[in-house]
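> So the sequences go chain by chain: A and B.
For the first sequence, counting from 1, position 390 maps to 416 in the working numbering; every step adds exactly one.
For the second sequence, counting from 1, position 172 maps to 194 in the working numbering; every step adds exactly one.
All C-beta atoms in this analysis are idealised placements derived from N, C-alpha and C, irrespective of residue type, glycine included.
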Amino acid sequence: MSQNSTSRRSVLLGSLGALTAGGALTACGGGDSASGGDASTITFWLSASDAQAKGYYDLADEFKAQKGITVEIVNVPYDGYQTKLRQAAQADSLPDVASAPSLDPIWTNKLQDLTAVATSSTNKIDSKLYQETDDGKILTIPSDITAAGLFINTTLFQQAGVAYPTEPESTWTWDEFLAAATQVRTSTGAKYDLVYDASPARIRAFIYEHGADGFQLDDDGTAFSVQAPTVEALQKFVDLNDDVVMPKSVWTSGADPNALFKSGQVVAYFSGVWQVADFTESISQFEWAAVPTPAQPTQATDINTGGKIVAFDNGDTADAAMQFVEFLYDPTNYAEIAATNGWLPVETGLDIAYPATSQTALDAYALYQKEIEIADPISTSGNENGEKLTLMGKAITTDPTKDELGKAINGQQTVQQAVDTIVRLLNEQIA
Amino acid sequence: MPRPKAPALRRSTAAREGGSPARTVGTTVLLWLLAVLYGFPVLWFVLSSFKPAGDLFSYPLTLLPQRWTFDGYAQAWTSFNFAGYFTNTLIVAVTTTVLTVLASAMTGYALAKYSNWWLKAFFLCILATTMLPTEVILSPSFLVIRDLGLYNQLAGIIVPSIITATGCFMFRQFFTTVPNELLEAARIDGSNELTTFVRVMLPISRPIMVTLAIFSFQWRWNDYIWPLIVLNDPSKFTLQIGIQSIVGAQNVNWSVLLGASVISIVPLVLIYLVFQRYVMNADINAGLKD
Numbered sequence: 027m028s029q030n031s032t033s034r035r036s037v038l039l040g041s042l043g044a045l046t047a048g049g050a051l052t053a054c055g056g057g058d059s060a061s062g063g064d065a066s067t068i069t070f071w072l073s074a075s076d077a078q079a080k081g082y083y084d085l086a087d088e089f090k091a092q093k094g095i096t097v098e099i100v101n102v103p104y105d106g107y108q109t110k111l112r113q114a115a116q117a118d119s120l121p122d123v124a125s126a127p128s129l130d131p132i133w134t135n136k137l138q139d140l141t142a143v144a145t146s147s148t149n150k151i152d153s154k155l156y157q158e159t160d161d162g163k164i165l166t167i168p169s170d171i172t173a174a175g176l177f178i179n180t181t182l183f184q185q186a187g188v189a190y191p192t193e194p195e196s197t198w199t200w201d202e203f204l205a206a207a208t209q210v211r212t213s214t215g216a217k218y219d220l221v222y223d224a225s226p227a228r229i230r231a232f233i234y235e236h237g238a239d240g241f242q243l244d245d246d247g248t249a250f251s252v253q254a255p256t257v258e259a260l261q262k263f264v265d266l267n268d269d270v271v272m273p274k275s276v277w278t279s280g281a282d283p284n285a286l287f288k289s290g291q292v293v294a295y296f297s298g299v300w301q302v303a304d305f306t307e308s309i310s311q312f313e314w315a316a317v318p319t320p321a322q323p324t325q326a327t328d329i330n331t332g333g334k335i336v337a338f339d340n341g342d343t344a345d346a347a348m349q350f351v352e353f354l355y356d357p358t359n360y361a362e363i364a365a366t367n368g369w370l371p372v373e374t375g376l377d378i379a380y381p382a383t384s385q386t387a388l389d390a391y392a393l394y395q396k397e398i399e400i401a402d403p404i405s406t407s408g409n410e411n412g413e414k415l416t417l418m419g420k421a422i423t424t425d426p427t428k429d430e431l432g433k434a435i436n437g438q439q440t441v442q443q444a445v446d447t448i449v450r451l452l453n454e455q456i457a
Numbered sequence: 023m024p025r026p027k028a029p030a031l032r033r034s035t036a037a038r039e040g041g042s043p044a045r046t047v048g049t050t051v052l053l054w055l056l057a058v059l060y061g062f063p064v065l066w067f068v069l070s071s072f073k074p075a076g077d078l079f080s081y082p083l084t085l086l087p088q089r090w091t092f093d094g095y096a097q098a099w100t101s102f103n104f105a106g107y108f109t110n111t112l113i114v115a116v117t118t119t120v121l122t123v124l125a126s127a128m129t130g131y132a133l134a135k136y137s138n139w140w141l142k143a144f145f146l147c148i149l150a151t152t153m154l155p156t157e158v159i160l161s162p163s164f165l166v167i168r169d170l171g172l173y174n175q176l177a178g179i180i181v182p183s184i185i186t187a188t189g190c191f192m193f194r195q196f197f198t199t200v201p202n203e204l205l206e207a208a209r210i211d212g213s214n215e216l217t218t219f220v221r222v223m224l225p226i227s228r229p230i231m232v233t234l235a236i237f238s239f240q241w242r243w244n245d246y247i248w249p250l251i252v253l254n255d256p257s258k259f260t261l262q263i264g265i266q267s268i269v270g271a272q273n274v275n276w277s278v279l280l281g282a283s284v285i286s287i288v289p290l291v292l293i294y295l296v297f298q299r300y301v302m303n304a305d306i307n308a309g310l311k312d
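(1) Quick one: which unbroken beta strand (DSSP E) runs of 3-plus residues sit fully inside the segment 144-212 of chain A? Chain order, please.
(2) Note down, in chain order, all residues in the segment 160-190 of chain B with a beta-carbon under 9 Å from any beta-carbon belonging to chain A.
(3) So, does the CB of VAL269 (chain B) fall closer than 9 Å to a CB anywhere in chain C?
(4) Can you list, in chain order, the residues of its chain whose CB lies under 8 Å from that of THR423 (chain A), leaving out five sequence neighbours each side?
(5) Report the three-state DSSP secondary structure of TYR136 (chain B) (helix, strand or coil).
(6) Using a Cβ-Cβ distance cut-off of 9 Å, determine whether ILE335 (chain A) contacts chain B.
(7) Closest to GLY264 (chain B) by CA distance: which of A:TYR104, A:ILE448, A:THR96 is it?
(8) What residues in its chain sit with their C-beta under 7 Å from that of LYS135 (chain B), if we drop five residues either side in the sequence?
(9) Determine, using beta carbons only, whether ASN101 (chain A) and LEU120 (chain A) come nearer to each other than 9 Å.
(10) Rounded to whole angstroms, what's the CA-CA distance from GLU235 (chain A) to LYS163 (chain A)? Just pull it up for me.
(11) Please check if any C-beta of chain A sits within less than 9 Å of the C-beta of ASN110 (chain B).
(12) Report the CB separation of ASP304 (chain A) from ARG228 (chain A) in whole angstroms; it is logged as a contact under 8 Å.
(13) Hey, quick one: how far does the alpha helix (DSSP H) through ASP345 (chain A) stretch, first residue to last?
(14) Inspect the beta-carbon positions of ASP239 (chain A) and SER407 (chain A) and report whether they are closer than 9 Å.
(15) Are the Cβ atoms of LYS122 (chain A) and GLN108 (chain A) separated by less than 9 Å?
(16) Buried or exposed, going by whether 16 or more other CB atoms sit within 10 Å of the CB of SER80 (chain B)?
(17) ALA315 (chain A) and THR383 (chain A): beta carbons closer than 9 Å?
(18) Using C-beta distances below 8 Å, list every residue in its chain close to ALA173 (chain A), excluding the 5 sequence neighbours before and after it, in chain order.
(19) Under 9 Å between beta-carbons, which chain A residues line up against GLY313 (chain B)? List them in chain order, please.
(20) Suppose contacts are defined by Cβ-Cβ distances below 9 Å. Is ALA346 (chain A) in contact with ILE95 (chain A) by that definition?
(21) Just verifying my parser: in three-state terms, what is the DSSP assignment at GLY437 (chain A)?
(22) Looking at the secondary structure, which residues open and close the alpha helix (DSSP H) in which TRP71 (chain A) lies?
(23) Taking 9 Å as the CB-CB limit, is ASN244 (chain B) close to chain A?
(24) Out of curiosity, what's the CA-to-CA distance linking LYS217 (chain A) and ALA127 (chain B)?
(25) Which whole runs of the alpha helix (DSSP H) in the segment 276-314 of chain A are 4 residues long or more, in chain order?
(26) Can you give the Cα-Cα distance for ASN174 (chain B) and GLN116 (chain A), rounded to whole angstroms?
(27) Give the single residue among B:GLN262, B:ARG242, B:SER257, B:ILE293 whose Cα lies nearest to the Cα of THR117 (chain B).
(28) Starting from SER161 (chain B) and walking both ways along the alpha helix (DSSP H), at which residues does that stretch end?
(29) Where does LEU292 (chain B) fall in DSSP's three states?
(30) Tell me whether the segment 351-364 of chain A and the segment 152-163 of chain A touch, counting them as touching only if at least three CB pairs, one residue from each stretch, are closer than 8 Å.
(31) For PHE79 (chain B), go through chain A and note every residue whose CB falls closer than 7 Å to its CB, in chain order.
(32) List the DSSP bridge partners of ALA124 (chain A).
(33) Please go through the same chain and pick out, in chain order, the residues whose beta-carbon is closer than 7 Å to the beta-carbon of TRP66 (chain B), but skip the five residues on each side of it.
(34) Does any CB atom of chain A fall closer than 9 Å to the CB of LEU250 (chain B)?
(35) So for ASP265 (chain A), helix, strand or coil by DSSP?
(36) Using the beta-carbon of each residue, which ones in chain A are nearer than 8 Å to ILE247 (chain B)?
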């Protein structure tokens, strides 16, 4: 065509114009760069709801007042946080302190050793909650503990005139609890006895409480194995999902158990301590309570950790970052932040005054603390397995428990098949 | 622009021929059914945002809130730097959209109206980029952005999004349907290439420009993972990052999330309402005697 020869220059000029516009934009986007090299300011990344971040903001103000160092808090959304940390490690712009969802081998070599804080005799941090690396460093301390537990709709219980235990010492067995729940359901016309979080961590509690060990990692961290009692407990759990006692939809098709419980149509909900704050705020149609987890016969739960506090070594700011971590775990400060954020403490011997407006919430926190104290040691094993793997540079990126049990509940496979597949898939990931 | 007569005539004849009243009623009813089907969840979503947190999941479910409240909105607007997020997103979406439309129009025009072997090869390369989803090129693009010094800058999310294969392709396909006679007529009249492009070609491509603008605005408005990775400073966060931070690891504050989500879709709805007539009236023969 003839237009080839004609004024290519004007086209070129046009594109140049566009390029310059782009360039100008880049320039005006500039300005203040990320912090660094200035020890009067450190950055702290975390991912929490606004209510659960408030304690950190208070702590940062206090830190500024006492040490004169500004803490710039960035509340990152949970979805994508891990990716963001990885990319930040590549861009050499990691924060100074972070509450991370888990450790990542990509940046563990940039972490400071927190041994002094973790083992300090004044802090009294529970030694089960942190682990040493091979070269004797403690890279992370959990910010708080989470525990699985049972909630009931007390309005329904009262309507039905059925009693329930309030203290862990006088707890019920799973069979007693289920009988009570069924009685409540039938006499009040509720829809289900129970909804149960579709989560590998929550199902661990069910297994432990039935006297089984669950999926345990061997000592050298190379293989998971499972014993017969676990299969029996899981068989019982699968059988409970019969659309009468429990709706199948939660484990098979992702129905939201939290929403089901809030509808007031479900007698009980097995979840965890983090629901307390949410329930206090968003259940207004009925009364609820946290009740002791059933023991058949083992008194156990699943004890897990919240955010993993890490301090990065970013040169100039490394010292200030370390100071902030020390400040956080100072028992006085820690008790305050735990109260504000509604945390279960990692430090022992603290007296935490939770400011919850409702007595139900205060009772719930007190109950969880008692339960954690008397819980069978196996309750922390799920978390320990995870930490052990992380320190070896391995990770379970996709836990198959939920999907495989879902298939068993759906009748697509037997419980034994589900268990075998779970063990196989777990072992493939750590091979 | 005055509406050309011919299409209007065609439309009315078509209505007369195929339009027995029964059929018209049938079609209309079907369309209304579809509209209700699609509209109902949106209506539920908007109405739910006015319910207090305690009523959201209460049984039996009600469509209308029993007690109207704006708490969710108030909390969404006050507890986050919502206005800031909103402004950032607006800057990003508008700038990117303008640049995208301009760049796509130029590229599309060149690919359609100039013939050269390497242009064809180039076009194939552009098309090939559509085969790579963002996630795949996340790491390499991130390294480029970092090395250009655009990390933690709004420009870092604007610049990589300007060139889109979809946009180039849309314009190329459109410009190939524009008769070369129009181009030649302009040349005979002594218009140079740039003037021809700006004064003749761009105006007739208005429907494509508007369509692409709507798409581009929507893409940038809803972008999540890229801004999350590139932006570090909370004062530079975009709306989607802000909204996502309401969703906790274990809990979702539904009433705040609903309020925030409704606010965040308002600009998109407005854009659509303003520009829809240009899209609906897409008449690519405008200005030509055929």
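On the basis of the data shown:
(1) Runs found: 171-179.
(2) Correct list: LEU160, SER161, PHE164, LEU165, ILE167, ARG168, LEU170, GLY171, LEU172, TYR173, ASN174, GLN175, LEU176, ALA177, GLY178, ILE180, VAL181, ILE184.
(3) The question asks about chain C, but that chain is absent: this structure's protein chains are A and B.
(4) Contacts found: GLN455.
(5) In the structure shown, TYR136 (chain B) sits in coil (DSSP, three-state: anything other than H, G, I, E or B).
(6) With 9 Å as the cut-off, ILE335 (chain A) does not count as an interface residue toward chain B.
(7) The residue with the shortest Cα to Cα distance from GLY264 (chain B) is A:TYR104.
(8) The residues are PHE197, LEU205.
(9) Their beta carbons are not under 9 Å apart, which means ASN101 (chain A) does not touch LEU120 (chain A) by this criterion.
(10) Straight across, the Cα-Cα distance linking GLU235 (chain A) with LYS163 (chain A) is about 34 Å.
(11) Not one chain A Cβ lies under 9 Å of ASN110 (chain B).
(12) Wrong, their Cβ atoms sit about 16 Å apart, outside the cutoff.
(13) Run containing ASP345 (chain A): 344-355, per the alpha helix (DSSP H) assignment.
(14) Contact flag set, yes.
(15) For the record, residue 122 (chain A) in the displayed sequence is Asp; it is not Lys. Going by C-beta atoms, ASP122 (chain A) is not nearer than 9 Å to GLN108 (chain A).
(16) Under this definition SER80 (chain B) is a buried residue.
(17) In this structure, THR383 (chain A) does not lie closer than 9 Å to ALA315 (chain A) by Cβ.
(18) Here the set comprises GLY298, VAL299, THR327, ASP328, ILE329, ASN330, LEU370, TYR394, GLU397, ILE398, ALA401, SER405.
(19) With chain B covering only 23 through 312, there is no way to say anything about residue 313 (chain B).
(20) For the 9 Å CB-CB criterion, ALA346 (chain A) and ILE95 (chain A) form a contact.
(21) Here GLY437 (chain A) sits in coil by DSSP.
(22) No alpha helix (DSSP H) holds TRP71 (chain A); the beta strand (DSSP E) holding it covers 67-72.
(23) Not an interface residue.
(24) Looking at the two C-alpha atoms, the distance is approximately 59 Å.
(25) Look at the segment 276-314 of chain A and you find these whole runs of alpha helix (DSSP H), each 4 residues long or longer: 283-288, 301-308.
(26) A straight line joining the alpha-carbon of ASN174 (chain B) with that of GLN116 (chain A) spans about 13 Å.
(27) Its Cα nearest to that of THR117 (chain B), the residue B:ARG242 stands out among B:GLN262, B:ARG242, B:SER257, B:ILE293.
(28) Note, SER161 (chain B): alpha helix (DSSP H), 160-169.
(29) Correct three-state label for LEU292 (chain B): helix.
(30) The segment 351-364 of chain A, when compared against the segment 152-163 of chain A, does not touch it at the 8 Å Cβ threshold.
(31) For PHE79 (chain B), the neighbours in chain A by C-beta distance under 7 Å run, in chain order, ALA285, LYS288, SER289.
(32) For ALA124 (chain A), DSSP records a beta bridge to A:TRP71, A:VAL336.
(33) Excluding residues within five positions, the ones whose Cβ falls inside 7 Å are LEU85.
(34) Yes, because at least one Cβ of chain A sits closer than 9 Å to the Cβ of LEU250 (chain B).
(35) Here ASP265 (chain A) sits in helix by DSSP.
(36) Near ILE247 (chain B) (Cβ distances below 8 Å), the residues of chain A are GLY106, THR109.
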